[in-house]
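Novice: This is the structure, below, for whatever I ask next.
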Amino acid sequence: MKILNLGSLNIDLVYQVEHIARPGETIASSSHQVFAGGKGANQSAALARASASVFHAGQVGPEGQWLVDKLAGLGVDVQHIRFSDIPTGHAIIQVDRHGQNSIVLFAGANAQINRGAIDAALAHFGRGDMLLLQNEINDVAYILTAAAERGLTICLNPAPFGPEVCAYPLERVDLLIVNETEAIGLAGASTLAALAALCPRAQIALTLGAAGVQYRSPTEEFHLPAPHVEAVDTTGAGDTFIGYFLQGLAAGMTARESMARAIRAAAVCVTRPGAMDSIPAANELD
Ligand code: RIB
13 MKILNLGSLN IDLVYQVEHI ARPGETIASS SHQVFAGGKG ANQSAALARA
63 SASVFHAGQV GPEGQWLVDK LAGLGVDVQH IRFSDIPTGH AIIQVDRHGQ
113 NSIVLFAGAN AQINRGAIDA ALAHFGRGDM LLLQNEINDV AYILTAAAER
163 GLTICLNPAP FGPEVCAYPL ERVDLLIVNE TEAIGLAGAS TLAALAALCP
213 RAQIALTLGA AGVQYRSPTE EFHLPAPHVE AVDTTGAGDT FIGYFLQGLA
263 AGMTARESMA RAIRAAAVCV TRPGAMDSIP AANELD
């Protein structure tokens with residue numbers, strides 16, 4: 013099975029702060045670092061670190077070459093990433109002393125991918141392959157529909173959540189992965205039952221941060237706890253979980269096995285700074 017991830021690539025500008033700035037407040041940061049990020053790129057990186065065969069499609073601007081090189085260095089196939097004159101997407105991230113974050117996104121090139129590029133990438137994939145989507149690029153509904161019509165298995169992580177997600181063809185989703193905020197936005201409640209009403213035939217993973225993950229499919233339902241760790245930076249933890257979880261499923265693990273490993277990977281991720289750089293390799297989980 014080949015996995016196509018059509019998603020964002022961002023330059024993450026990370027500021028370490030005592031607390032997240034409140035409205036009207038100006039605060040000092042104690043450090044500033046630049047990391048590779050973007051929910052799409054992070055999830056491709058996690059898939060590759062978990063040893064999946066993953067193709068990333070998306071768009072960067074002239075200053076985004078290093079992001080593409082970084083993904084390629086991790087083993088991601090980058091032949092479907094386009095370059096444009098539009099600035100690369102970036103994220104301004106505050107990380108507080110508890111490792112919690114607050115993110116402001118500038119979509120840039122991520123939000124101006126043309127349909128020709130989308131169709132050209134999808135043309136290389138078909139039945140038996142998987143498409144992974146987040147909500148940081150344009151035309152998500154179009155991509156989801158086109159990929160479903162080509163027979164791809166559809167995995168949707170509707171993050172960051174916006175009201176437009178409710179109009180996506182969710183009934184075509186095979187695997188839905190959401191956190192509590194996204195679940196409430198989408199279904200009005202952070203429960204598996206509410207989500208299943210929207211995506212009746214899907215496998216659903218509801219991530220609960222330090223409280224673990226709930227899972228439901230048409231045939232089983234369970235909860236797995238997360239190990240307690242001292243968080244340094246939670247950025248990218250959800251992306252790490254998704255990459256590892258999908259790779260496990262694609263490799264034939266049960267949902268429970270795959271999810272247990274993905275939770276361990278996410279727990280390691282939060283003990284390290286940065287997004288893509290904090291994703292562990294598979295051999296670090298044993
Ligand atoms: O999920 C974490 C990511 O969200 C960051 O890397 C940032 O780029 C934003 O897209």
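For our numbering, add 12 to where a residue sits in the sequence shown, where the first one is 1.
All C-beta atoms, glycine included, are put in the ideal place defined by N, C-alpha and C.
A133 and L18 - do their beta-carbons sit closer together than 8 Å?
Specialist: What you label residue 18 is simply residue 6 of the sequence shown in a count that begins at 1. What you label residue 133 is simply residue 121 of the sequence shown in a count that begins at 1. Yes, the Cβ-Cβ distance between L18 and A133 is below 8 Å.
Novice: May I ask you to list the residues that DSSP assigns as paired with T219?
Specialist: Locating residue 219 in the sequence shown gives position 207, where the first residue counts as 1. Answer is N191, V225.
Novice: I'd like to confirm something about S20: is its beta-carbon nearer than 7 Å to some heavy atom of the ligand RIB, or not?
Specialist: Here the question's residue 20 lines up with position 8 in the sequence shown. Yes, since a heavy atom of the ligand RIB falls inside the 7 Å radius drawn around the Cβ of S20.
Novice: Are H136 and L25 closer than 8 Å when you measure CB to CB?
Specialist: Within the sequence shown, the letter at position 124 stands for residue 136. Within the sequence shown, the letter at position 13 stands for residue 25. In this structure, L25 does not lie closer than 8 Å to H136 by Cβ.
Novice: Counting pairs of beta carbons, one from the stretch 244 to 255 and one from the stretch 195 to 211, are three or more of them closer than 8 Å?
Specialist: No contact exists between the stretch 244 to 255 and the stretch 195 to 211.
Novice: Spatial neighbours of L297 within its chain, please: CB distance less than 8 Å, with the 5 preceding and 5 following residues excluded, ordered by chain position.
Specialist: For this step, residue 297 is matched to residue 285 along the sequence shown. Around L297: R273, R276, A277, V280.
Novice: Using a Cβ-Cβ cutoff of less than 7 Å, which residues in the same chain neighbour S202 once the five nearest sequence positions on both sides are dropped?
Specialist: Here residue 202 is taken as the residue at index 190 of the sequence shown, counted from 1. Same-chain partners within the cutoff: E192, A195, I196, L218.
Novice: Thinking C-beta only, is I189 closer than 8 Å to I291?
Specialist: Stepping through the sequence shown from its first residue, residue 291 is reached at position 279. Stepping through the sequence shown from its first residue, residue 189 is reached at position 177. Result no, Cβ atoms of I291 and I189 do not sit closer than 8 Å.
Novice: Please determine whether the Cβ atom of K51 lies at a distance below 7 Å from any heavy atom of the ligand RIB.
Specialist: Counted from its first residue, the sequence shown places residue 51 at position 39. Yes - the ligand RIB has a heavy atom lying nearer than 7 Å to the Cβ of K51.
Novice: Considering only heavy atoms of the ligand RIB, does any lie closer than 7 Å to the CB of D245?
Specialist: Within the sequence shown, the letter at position 233 stands for residue 245. Flag unset: Cβ of D245 not near the ligand RIB.
Novice: Here's the rule: buried if 16 or more other CB atoms are within 10 angstroms of the residue's CB, otherwise exposed. What is F257?
Specialist: The sequence position of residue 257 within the sequence shown is 245, counting from 1. It counts as buried.
Novice: May I ask which residues mark the beginning and end of the beta strand (DSSP E) holding F173?
Specialist: Translated into positions along the sequence shown, residue 173 becomes position 161. No beta strand (DSSP E) holds F173; DSSP gives it neither H nor E.
Novice: When the distance is taken between beta carbons, is D151 closer than 8 Å to R4?
Specialist: Past the boundaries of the shown model lies residue 4; the chain is included only from 13 to 298, so the question cannot be answered.
Novice: So, I125 versus V66, is the Cβ gap smaller than 8 Å?
Specialist: Position 113 of the sequence shown holds residue 125. Position 54 of the sequence shown holds residue 66. No, the pair does not count as a contact, with Cβ atoms beyond the cut-off.
Novice: Quick one: what does DSSP say I254 is sitting in, helix, strand or coil?
Specialist: Position 242 of the sequence shown holds residue 254. Helix, per DSSP.
Novice: Do you know offhand how far V282's Cα is from H110's?
Specialist: In the sequence shown, counting from the first residue as 1, residue 282 sits at position 270. In the sequence shown, counting from the first residue as 1, residue 110 sits at position 98. Each residue's Cα considered, the two are about 11 Å apart.
Novice: Grab me the residues of S42's own chain with a C-beta within less than 6 Å of its C-beta, minus the 5 sequence neighbours each way, in chain order.
Specialist: As a first step, residue 42 must be located in the sequence shown, where it is residue number 30. Q28, listed in sequence order.
Novice: In chain order, what residues of the same chain have a beta carbon less than 6 Å from the beta carbon of R61, not counting five sequence neighbours either side?
Specialist: As a working note, residue 61 is residue 49 in the sequence shown. For R61, where only same-chain residues beyond five positions count, the Cβ hits under 6 Å are I291, A293.
Novice: Bridge partners for V88 per DSSP, in chain order?
Specialist: Counting from one through the sequence shown, the residue named residue 88 turns up at place 76. None; V88 has no bridge partner.
Novice: By alpha-carbon positions, which one of S114, D131, A222 ends up nearest to Q106?
Specialist: Position 94 of the sequence shown holds residue 106. The option with the nearest alpha carbon to Q106 is S114.
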